[in-house]
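Q:
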Ligand code: ASP
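Numbering (my numbering), first residue to last: 60 to 389.
Following this line, the structure appears as structure tokens:
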């Protein structure tokens, strides 16, 4: 029998944070932003910045040569799936794309744990998007390889929150001391849930602007209040716009509603236009996780404060950093 090859059913280590000195995230799942502290964030942003410089200089390099990512999406995605693919390929690795589960054994009734156990037989890391809250945590219970949560229903979207925070950091030079206004569908928007949680690690002021029907979940409000962060809710942007450093806009998550939503009724509640921008600070940014539907008028795109397309680009570097870290190469 060949020596030194671990048996096929051996576990790769799932080390607790910080136990592996060179790569604190080596072998770890990334399920929730609750896993991170300020030190982790500084580390991730340093690595992401290095990735940015490397891509600018050489385009791609072989850090993850021979490694395989399984990209498993039970819900639509443009940016998250393609930026994970580009991240893996720029690092010399390759991807098994299952971006339309209707062509996979899922339609034959295969369970999530079995699908994940299948993919990890072929891949080194799995990125998962699924409509149910807790699905990534469930997958991670069964998987021996790292699971990265790419959105679990209305739960969390931790890699988006990391790229959002990285955007604020890169664009405004700091996070402490800022007033961040989250506006739109704060009830079902998973990106605002993750971002608000992550921002509690900084000294920020949080404003929530939404129609009643789409307001920020009260349990999450209480969870954030317990950290001592100042928060306030509004139905309109005008009282807080002039003080806002980061205006983070989200679309109505119409796929999450049991009853079809009356978009027309919600539409008037918040649309960012060039008029809105005349009342905003000179040094501030407008962000959006995208896709945009009608929440930001296209005329705003020309404004240098419109950061949403740059925000999307930062995602590739954050995801390169995360892949390198969980695979023990950063
Ligand atoms: N792309 C983001 C998400 O997957 C935001 C959105 O869909 O509105 O949550």
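Backbone N, C-alpha and C define an ideal beta-carbon position, used for all residues, glycine too. Since this is a predicted model, take the numbers as computed values, not measurements.
1) Could you spell out the range, first to last residue, of the alpha helix (DSSP H) harbouring residue 200?
2) To which residues of the same chain is residue 207 closer than 6 angstroms at the C-beta, ignoring the five residues directly before and after it?
3) Cα-Cα, which of 225, 221, 212, 173 is closest to residue 201?
4) What three-state label does DSSP hand residue 381 in the structure shown?
5) Give the straight-line distance between the Cα atoms of residue 110 and residue 125, rounded to the nearest whole angstrom.
6) Which residue marks the beginning of the alpha helix (DSSP H) containing residue 99, and which one marks its end?
7) Need the endpoints of the alpha helix (DSSP H) that residue 253 sits in, please.
8) For ligand 1, any of its heavy atoms closer than 8 angstroms to the Cβ of residue 279?
9) Just the C-alpha distance for residue 272 and residue 246, rounded to the nearest angstrom, thanks.
10) Does any C-beta atom of chain D lie closer than 9 angstroms to the C-beta of residue 194?
11) Which term fits residue 105, buried or exposed, when burial requires 16 or more other beta carbons within 10 angstroms of its beta carbon?
12) In whole angstroms, give me the CA-to-CA distance for residue 60 and residue 204.
13) In terms of alpha-carbon separation, which member of 310, 214, 347, 354 lies closest to residue 331?
14) With DSSP collapsed to three states, give me the class of residue 312.
15) Look at the Cβ atom of residue 370, then the Cβ atom of residue 149, and state whether they are nearer than 9 angstroms.
16) Which residues share a DSSP beta bridge with residue 188?
17) Just grab the DSSP bridge partners of residue 238 for me.
18) Go ahead and label residue 80 buried or exposed: buried means 16 or more other beta carbons lie within 10 angstroms of its beta carbon, across all protein chains shown.
19) Any heavy atom of ligand 1 closer than 8 angstroms to the beta-carbon of residue 349?
20) So, helix, strand or coil for residue 157, using DSSP?
21) At a cut-off of 8 angstroms, would you count residue 378 as near ligand 1, judging by its Cβ distance to the nearest heavy atom?
22) Span of the alpha helix (DSSP H) holding residue 181?
23) Measuring only the C-alpha atoms, how far is residue 364 from residue 176?
24) Of the residues 117, 182, 98, 156, which one's Cα is nearest the Cα of residue 386?
25) For residue 386, does the three-state DSSP call read helix, strand or coil?
26) Within the present structure, is the beta-carbon of residue 249 separated from the nearest heavy atom of ligand 1 by less than 8 angstroms?
27) To the nearest angstrom, how far is the alpha carbon of residue 318 from that of residue 151?
28) Any contact of the stretch 152 to 160 with the stretch 330 to 349, i.e. 3+ C-beta pairs under 8 angstroms?
A: The short version:
1) Here residue 200 refers to the residue found at position 141 when the chain shown is read from its first residue. That run of the alpha helix (DSSP H) goes 194 to 201.
2) Residue numbering aside, residue 207 sits at position 148 when the chain shown is read from its first letter. The beta carbon of residue 207 sits closer than 6 angstroms to the beta carbons of 89, 186 from its chain, once the five residues preceding and following it are set aside; these are given in chain order.
3) For the purposes of this step, residue 201 is identified with residue 142 of the chain shown, where counting begins at 1. The residue with the shortest Cα to Cα distance from residue 201 is 173.
4) Locating residue 381 in the chain shown gives position 322, counting from the first residue. Of the three classes helix, strand and coil, the one that applies to residue 381 here is helix, per DSSP.
5) In the chain shown, residue 110 corresponds to position 51, counting from 1. In the chain shown, residue 125 corresponds to position 66, counting from 1. Their Cα atoms are separated by approximately 19 angstroms.
6) The residue labelled residue 99 in the question sits at position 40 within the chain shown. Per DSSP, residue 99 belongs to the alpha helix (DSSP H) from 97 to 117.
7) The residue labelled residue 253 in the question sits at position 194 within the chain shown. Run containing residue 253: 249 to 258, per the alpha helix (DSSP H) assignment.
8) Here residue 279 is taken as the residue at index 220 of the chain shown, counted from 1. For residue 279, the Cβ stays outside the 8 angstroms cut-off from all heavy atoms of ligand 1.
9) The residue labelled residue 272 in the question sits at position 213 within the chain shown. The residue labelled residue 246 in the question sits at position 187 within the chain shown. Using only the alpha carbons, I get a separation of about 8 angstroms.
10) No chain D is present in this structure, which holds just one protein chain.
11) As a working note, residue 105 is residue 46 in the chain shown. Exposed: under 16 other Cβ atoms inside 10 Å.
12) Here residue 60 corresponds to residue number 1 of the chain shown, with the count starting at 1. Here residue 204 corresponds to residue number 145 of the chain shown, with the count starting at 1. Confidence is the limiting factor: at residue 60 the pLDDT is only 41, short of 50, which leaves the residue's position unreliable and the question unanswerable from this model.
13) Within the chain shown, the letter at position 272 stands for residue 331. Nearest to residue 331 by C-alpha distance, out of 310, 214, 347, 354, is 354.
14) Numbered from 1 along the chain shown, position 253 holds the residue referred to as residue 312. The three-state secondary structure of residue 312, taken from DSSP, is coil.
15) Locating residue 370 in the chain shown gives position 311, where the first residue counts as 1. Locating residue 149 in the chain shown gives position 90, where the first residue counts as 1. With respect to the 9 angstroms criterion, residue 370 and residue 149 are not classified as neighbours on the basis of their beta carbons.
16) Along the chain shown, read from residue 1 onward, the residue named residue 188 stands at position 129. According to DSSP, which records beta bridges pairwise, residue 188 is partnered with 132.
17) Counting from one through the chain shown, the residue named residue 238 turns up at place 179. Bridge partners of residue 238: 264.
18) In the chain shown, counting from the first residue as 1, residue 80 sits at position 21. For residue 80, the predicted structure reports a pLDDT of 44, less than 50, and the residue's modelled location is therefore unreliable. The matter cannot be settled from this model.
19) Position 290 of the chain shown, counted from the first residue, corresponds to residue 349. Yes; taking the cut-off as 8 angstroms, the Cβ of residue 349 has a heavy atom of ligand 1 nearer than that.
20) Residue numbering aside, residue 157 sits at position 98 when the chain shown is read from its first letter. In the three-state scheme derived from DSSP, where H, G and I count as helix and E and B as strand, residue 157 is classed as strand.
21) The count along the chain shown starts at 1 and reaches residue 378 at position 319. Relative to ligand 1, residue 378 has its C-beta separated by 8 angstroms or more from all heavy atoms.
22) Residue mapping note: residue 181 aligns to position 122 of the chain shown, counting from 1. Residues 171 to 181.
23) On the chain shown, residue 364 is found 305 positions in, with the first residue counted as 1. On the chain shown, residue 176 is found 117 positions in, with the first residue counted as 1. Straight through space, the alpha carbons of residue 176 and residue 364 are spaced by roughly 44 angstroms.
24) In the chain shown, counting from the first residue as 1, residue 386 sits at position 327. Taking only the C-alpha atoms, the option nearest residue 386 is 182.
25) Position 327 of the chain shown, counted from the start, is the residue given in the question as residue 386. Secondary structure of residue 386 (DSSP, three-state): coil.
26) Looking up residue 249 in the chain shown gives position 190. Residue 249 Cβ: within cutoff of ligand 1.
27) Looking up residue 318 in the chain shown gives position 259. Looking up residue 151 in the chain shown gives position 92. Cα to Cα, the separation comes out at about 45 angstroms.
28) Touching, no.
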